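I have placed the structure first, in the form of structure tokens, so that the comments after it can refer back to it.
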Amino acid sequence: MAVVTASEKTTNLYCPSLTAYKRRETITINIGDLPMGSDYPIRVQSMTTVDTMDTQGSIDEVIRMVDSGCEYVRITAPSVKEAQNLENIRNGLRKLGINVPLIADIHFTPNAAELAARIVEKVRINPGNYADRKRFEVIDYTDASYAAELERIREKFIPLVRICKEYGTAMRIGTNHGSLSDRILSRYGDTPLGMVESALEFLRICEEFNYFNIALSMKSSNTQVMVEAYRLLVQRLDEEGLKPYPLHLGVTEAGEAEDGRIKSAVGIGTLLEDGLGDTVRVSLTEAPEKEAPVARALIQRYANRTPHDFIEPVESCPINPFQYTRRDTREVYNFGHLNVPRVIADYSNIEVTQLENLKSIGHFFLPVPDKWAMNDQGADFIYSGKNPIPFMLPNGLREILDFEQWQQHENAANKFPLFDAEHWLETDKTLVSTQLNFIKGTIHSLNDALLENIREATNIVLLIHTGNAHAMPELRRFFYKLVEKGIKIPVVVQREYATDSGDELTLYSATDVGGFLVDGFGDGVLLQPSFPMHINHTDKLKVAASFNSIAFGILQAARTRMSKTEYISCPSCGRTLFDLQETTAMIRKHTEHLKGVKIGIMGCIVNGPGEMADADYGYVGMGKDKIALYRGQEVIKRSVTAAKAVEELIGLIREDGRWIEPDEREILV
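So, in structure tokens, the structure goes:
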């Protein structure tokens, strides 16, 4: 992990506190009759999906969104005609007594923004394409030529600032990682710094005209980049003496279903833990009314966060919070150092009697060839506690037992013991495993004395857990201590969750564990189910499968272990040129076996090559029944008919030698 210099230590505190929950104090901005800022609850918003020219369809959809908990509704205005129709939509809603503030979403068209600002309560502009164009060109700017470009942008942007100020209209300056302009990319690169500077260029113009009714956002489909950019934005606002503007949080193109929820929580939840964020939009490839309840579930967790158990404060962050670096550890067995984070499945309360019981965690026995097989989400370890597995495990799975059971096991050499922290110091070290021992404890029991005792150990992995309501920051504080002390022992994060909490299980676990991973912490994850009374064996195995899937999903969303195909699919909106939900499902059906391949599925060119900057391949709407296929950011085929587009996409992947045929055995699982 990179060493933080003395000068960096004075500038890397990006939130009110790294250990005590406190919302960042912001100015209040007025959006219609619903203010936003730290003096108010964190707001929920979403975006319509129907064509903006469909007035009644838009009204009906807004009603569904408001009923689902939306407090602000965003509507795309790609041209002047859509901007003008916002008035009809607004009037129709007001006649029905629905006063939800409306936000016009603007890309490429300043004249549409200037019109919309006279009609709706807020406009969103994207600095990357409001006055710039993206041609993926590298330009060698001199200071003078760069200043000339800024002056050109200033002239295009000032009219909107004046209109917003006159009409009392709010603005979001919303930077997207994938749509940074060639100008920004040429000077700052594809970096969080480039994202922040892109917004600040526009913000400085606003402040010059004493216009402050502004929210800011730093969105990306890469959760590491997204978190780093928001943190850097807050730090830069403070450093430059700019006002503390409210933050709109979101992960772009999060996807659908469980994956979309996990990815959203890893990014948004990590920032909420530090008190950052004043409004949330969860971008799912689902109906917009499905988004608000997910955002609400994320936000509600912080309504009663204080008071919480005391966590020892830190004067400075001991890592660089604006750039990902994995914590440096020594390798212990297959944990730490260059190894991917490991997944441990908890079967301590699940009776294992037959080979089929391990199918839930990705290991399945094939009777005909008489051998074990494993899919891409096969757990690495199984914690059986006091109940040893009664048969030989597959080669890809190792068993962890409580020390007493391990010590008595006839095959102890091929199993690994788990100790409570209190018992480790009392144990005769000639009786422990020479390869791998797990020591379980809290930040209190894994204290300085124990850490110094094991500092140089090469056969220990720590298992850290907490009962603090402010869980993620307490566990992160433990990682900070390890960094400060130079202790290089791998650490597995353990968290326990109720099994019947619906979306909360996915969102909370992704926040708690993902928050470490994006900071480079954590060498493994153990999600433990808290089973209700009288749950049967079959349902326990289903829970084990769910927890295993979530664990791998978190590692993937945090970009620390790629175990499946990743779909960077945008939420639908009025610009979308095909049915995103249906198309995403179809592409997933044919490609979900391609481990580690990233496929961008974009409804239009706005969310096209730039927005899917991380994707290996892209499927982008370019007209009615017409699809463009991309390799990275390069267009490979244009105007492919929708009926043939998936086949052509597969052909492109074949050309690159990245296509493999689906394994029938895995499909059966």
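Residue numbers are given in full-length UniProt numbering: position 123 of the sequence shown equals residue 123, and the series is strictly consecutive. Ideal Cβ positions, reconstructed from N, Cα and C, are used throughout, including at glycine. Just so it is clear, the structure is predicted and the values come from calculations on it, not from any experiment.
query: What whole-angstrom Cβ distance do Val234 and Cys15 have, given they're in contact under 8 Å?
result: In the sequence shown, the residue the question calls residue 234 occupies position 234. In the sequence shown, the residue the question calls residue 15 occupies position 15. Going by Cβ atoms, the distance from Val234 to Cys15 rounds to 7 Å, so yes, they are a contact pair.
task: Tell me whether Glu496 sits in a helix, a strand or coil according to DSSP, three-state version.
output: Looking up residue 496 in the sequence shown gives position 496. Strand.
- prompt: Buried or exposed: where does Glu634 fall if 16 or more other Cβ atoms within 10 Å of its Cβ makes it buried?
  reply: In the sequence shown, residue 634 corresponds to position 634, counting from 1. That one is exposed.
- prompt: In this structure, does DSSP put Gly608 in helix, strand or coil?
  reply: Walking along the sequence shown from the start, residue 608 turns up at place 608. A caution first: Gly608 carries a pLDDT of 49, below 50, which makes its placement in the model too unreliable to give a value.
- request: Indicate whether Ser283 and Ala254 have their beta-carbon atoms separated by less than 7 Å.
  value: The residue you call residue 283 lines up with position 283 of the sequence shown. The residue you call residue 254 lines up with position 254 of the sequence shown. Yes, they are a contact pair.
message: What does the Cβ neighbour count give for Tyr167, buried or exposed, with the cut at 16 atoms within 10 Å?
response: Against the sequence shown, residue 167 aligns to sequence position 167. With fewer than 16 other Cβ atoms within 10 Å, it is exposed.
task: Keeping to the same chain, check which residues put their C-beta closer than 6 Å to that of Glu61; ignore five residues upstream and five downstream.
output: What you label residue 61 is simply residue 61 of the sequence shown in a count that begins at 1. Here the set comprises Thr48 and Val50.
field: Three-state secondary structure assigned by DSSP to Val432
entry: As a working note, residue 432 is residue 432 in the sequence shown. In the structure shown, Val432 sits in coil (DSSP, three-state: anything other than H, G, I, E or B).
Within 7 Å, strictly: CB atoms of Ala297 and Asp503: By one-based count along the sequence shown, residue 297 stands at place 297. By one-based count along the sequence shown, residue 503 stands at place 503. Closer than 7 Å, so yes.
message: Rounded to the nearest angstrom, what separates Tyr146 and Ile184 at their Cα positions?
response: Counted from its first residue, the sequence shown places residue 146 at position 146. Counted from its first residue, the sequence shown places residue 184 at position 184. C-alpha separation (whole angstroms): 10 Å.
message: What would DSSP say about Asp143, mapped onto helix, strand or coil?
response: Here residue 143 corresponds to residue number 143 of the sequence shown, with the count starting at 1. Correct three-state label for Asp143: helix.
query: Sorted by chain position, which residues of the same chain lie with C-beta nearer than 6 Å to Gly608's C-beta, five sequence neighbours on each side aside?
result: The sequence position of residue 608 within the sequence shown is 608, counting from 1. Bear in mind that the predicted position of Gly608 carries a pLDDT of just 49, short of 50, making it too unreliable to give a figure here.
query: With 16 as the cutoff for other CB atoms within 10 Å, does Glu661 come out buried or exposed?
result: On the sequence shown, residue 661 is found 661 positions in, with the first residue counted as 1. The residue is exposed, with fewer than 16 neighbouring Cβ atoms inside 10 Å.
field: Length at least 4, wholly inside the segment 218 to 301: the alpha helix (DSSP H) runs in chain order
entry: 223 to 240, 257 to 264, 270 to 273 and 291 to 300
Close-in-space but distant-in-sequence residues of the same chain around Gln323 (CB under 7 Å, 5 per side omitted): In the sequence shown, counting from the first residue as 1, residue 323 sits at position 323. The residues are Glu228.
message: Can you give me the C-alpha to C-alpha distance between Leu505 and Gly250, rounded to a whole angstrom?
response: Translated into positions along the sequence shown, residue 505 becomes position 505. Translated into positions along the sequence shown, residue 250 becomes position 250. Those two C-alpha atoms are separated by around 20 Å.
Cβ-Cβ distance between Ile568 and Ala510 below 7 Å: Against the sequence shown, residue 568 aligns to sequence position 568. Against the sequence shown, residue 510 aligns to sequence position 510. No, the pair does not count as a contact, with Cβ atoms beyond the cut-off.
message: What does the alpha-carbon distance come out to for the pair Thr5 and Lys589?
response: By 1-based counting over the sequence shown, the position of residue 5 is 5. By 1-based counting over the sequence shown, the position of residue 589 is 589. In this predicted model, Thr5 has a pLDDT of only 45, less than 50, meaning its place in the structure is not dependable; the value taken from the coordinates is given anyway. Rounded to whole angstroms, Thr5 to Lys589 spans 49 Å at the Cα level.
message: Could you compute how far the alpha carbon of residue 690 sits from the alpha carbon of Lys290?
response: The chain is shown only over 1 to 669; residue 690 falls outside these bounds and no answer can be derived.
task: Tell me, please, which residues DSSP counts as bridged to Tyr630.
output: Residue mapping note: residue 630 aligns to position 630 of the sequence shown, counting from 1. For Tyr630, which the question treats as bridged, DSSP gives the partners Gly618 and Val635.
- request: Enumerate in chain order the residues of its own chain whose CB-to-CB distance from Ile487 is below 6 Å, with the five nearest sequence positions on each side excluded.
  value: Position 487 of the sequence shown, counted from the first residue, corresponds to residue 487. Result list for Ile487: Leu451 and Arg455, in chain order.
message: Using a Cβ-Cβ cutoff of less than 6 Å, which residues in the same chain neighbour Trp659 once the five nearest sequence positions on both sides are dropped?
response: Looking up residue 659 in the sequence shown gives position 659. If we look at Trp659 and ignore the five residues flanking it on each side, its Cβ neighbours are Ile653.
- prompt: Since Lys122 sits in a beta bridge, which residues does DSSP pair it with?
  reply: Taking the first residue of the sequence shown as 1, we reach residue 122 at position 122. Lys122 pairs with Ile103 and Ala170.
Selected residue, minimal CA-CA separation from Gly37, among Ile89, Ser384 and Asn213: As a working mapping, residue 37 is identified with position 37 in the sequence shown. Ranking Ile89, Ser384 and Asn213 by Cα distance to Gly37 puts Asn213 first.
query: Based on the DSSP output, what are the partners of Val343 in its beta bridges?
result: Looking up residue 343 in the sequence shown gives position 343. Looking at the DSSP assignment, Val343 forms a beta bridge with Val525.
task: Assign Phe157 to buried or exposed, taking buried as 16 or more other Cβ atoms, counted over all protein chains shown, within 10 Å of its Cβ.
output: The sequence position of residue 157 within the sequence shown is 157, counting from 1. Buried, because 16 or more other Cβ atoms sit within 10 Å of the Cβ of Phe157.
message: Assess contact between the segment 471 to 480 and the segment 509 to 523, defined as three or more Cβ pairs (one per stretch) separated by less than 8 Å. Is contact present?
response: yes
field: Option nearest Asn222 by Cα separation, candidates Asp428, Gly178 and Leu13
entry: Working through the sequence shown from its first residue, we reach residue 222 at position 222. Comparing Cα-Cα distances from Asn222 to each of Asp428, Gly178 and Leu13, the minimum goes to Gly178.
task: Under 8 Å by Cβ, that's how I've got Thr169 and Pro127 pegged, so tell me the actual separation to the nearest angstrom.
output: Sequence index remark: in the sequence shown, residue 169 carries index 169 (1-based). Sequence index remark: in the sequence shown, residue 127 carries index 127 (1-based). The Cβ separation is near 18 Å, so there is no contact.
query: What number of angstroms, rounded off, separates the C-alpha of Phe209 from the C-alpha of Glu592?
result: Walking along the sequence shown from the start, residue 209 turns up at place 209. Walking along the sequence shown from the start, residue 592 turns up at place 592. Straight-line Cα distance between these residues: approximately 51 Å.
message: By the DSSP assignment, the alpha helix (DSSP H) with Lys540 in it spans what residues?
response: Position 540 of the sequence shown, counted from the first residue, corresponds to residue 540. Its alpha helix (DSSP H) spans residues His537 to Ala557.
task: Evaluate contact between the segment 302 to 318 and the segment 85 to 99, counting only Cβ atoms and requiring at least three cross-stretch pairs below 8 Å.
output: no
message: Tell me whether the segment 332 to 340 and the segment 364 to 371 touch, counting them as touching only if at least three CB pairs, one residue from each stretch, are closer than 8 Å.
response: no
- prompt: Under a three-way DSSP split, which group does Val597 fall into?
  reply: Taking the sequence shown and counting its residues from 1, one reaches residue 597 at position 597. Coil.
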